[in-house]
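Here's the structure, in structure tokens; my notes come after.
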Amino acid sequence: MATGVEGQVQQVLVEQAQRGDAEAFDTLARSVGDRCQAIAVRILRDHDLAQDAVQAALITAWTELRALRDPSRFEPWLHRILTNACYTEARRRKRWSEGLRILPVAGAHSPDDYLTSDDRDLLERAFRRLTVEQRAVLVFHHYLGLSISEVAARIGLPVGTAKSRLHHATRALRASIEADSRATATSQERLA
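The numbering used here runs 49 ahead of the 1-based position in the sequence shown.
And the structure:
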């Protein structure tokens with residue numbers, strides 16, 4: 050959330066946009082667009098889907114901006130809209146790709162020089178296996194550094210539900226990484 054002078058400028062822009070000033074909203078969208086894109090990419094794990102979600106969120110924000118009661122809460126309000134747009138994009142993608150099957154590709158490199166990229170790939174695969182709702186909670190909590198109560202408010206959940214999703218997401222992520230690590234170790238043993 051914007052603080053200090055930046056927060057005051059953002060609040061003035063929100064108030065102007067609420068009165069129908071399209072240029073003020075354009076300035077707002079540009080100031081929060083990169084952060085929204087980063088959040089959406091982390092939730093959806095796809096740049097194109099993230100762009101679609103951000104665009105949909107900004108359109109919804111423009112049309113619903115007059116309903117925002119507290120202009121100083123613009124970013125949390127926008128993040129809730131963005132999260133819902135991410136959920137919509139994920140459902141749309143799931144319907145489109147239900148018949149697709151992705152085949153794993155075995156690595157042909159030695160593990161000594163690529164440990165960091167292997168770990169990153171392992172984490173990426175595990176993160177993709179989470180539900181979009183679990184990813185959203187993890188992104189807001191770990192990427193934005195929000196407390197559980199702030200995460201719950203931004204996503205529009207009760208605090209207990211946010212805690213539960215974070216707990217289950219963390220457990221699922223850990224289990225997926227451990228399963229992939231065991232499978233990789235087993236396949237390397239077979240090759241040796």
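Quick reminder that beta carbons are idealized off the backbone N, C-alpha and C, glycines included.
Nearest to E182 by C-alpha distance, out of E199, I197, S225 and Y136, is Y136. The criterion of a C-beta distance shorter than 7 Å is not satisfied by R223 and V186. Between L195 and the set I108, H217 and I88, the nearest pair of CA atoms involves I88. Judged by DSSP in its simplified three-state form, T112 adopts helix.
For D75, the enclosing alpha helix (DSSP H) has its first and last residue at A71 to L93. A106 and T235 have their alpha carbons spaced roughly 44 Å apart. Where L62 is concerned, the enclosing alpha helix (DSSP H) starts and stops at G53 to Q67. Less than 7 Å separates the beta-carbon of V103 from that of Q86. Here the region 121 to 128 makes no contact with the region 89 to 102; the two share fewer than three CB pairs at distances below 8 Å. At a Cβ-Cβ threshold of 7 Å, A201 and A211 count as neighbours.
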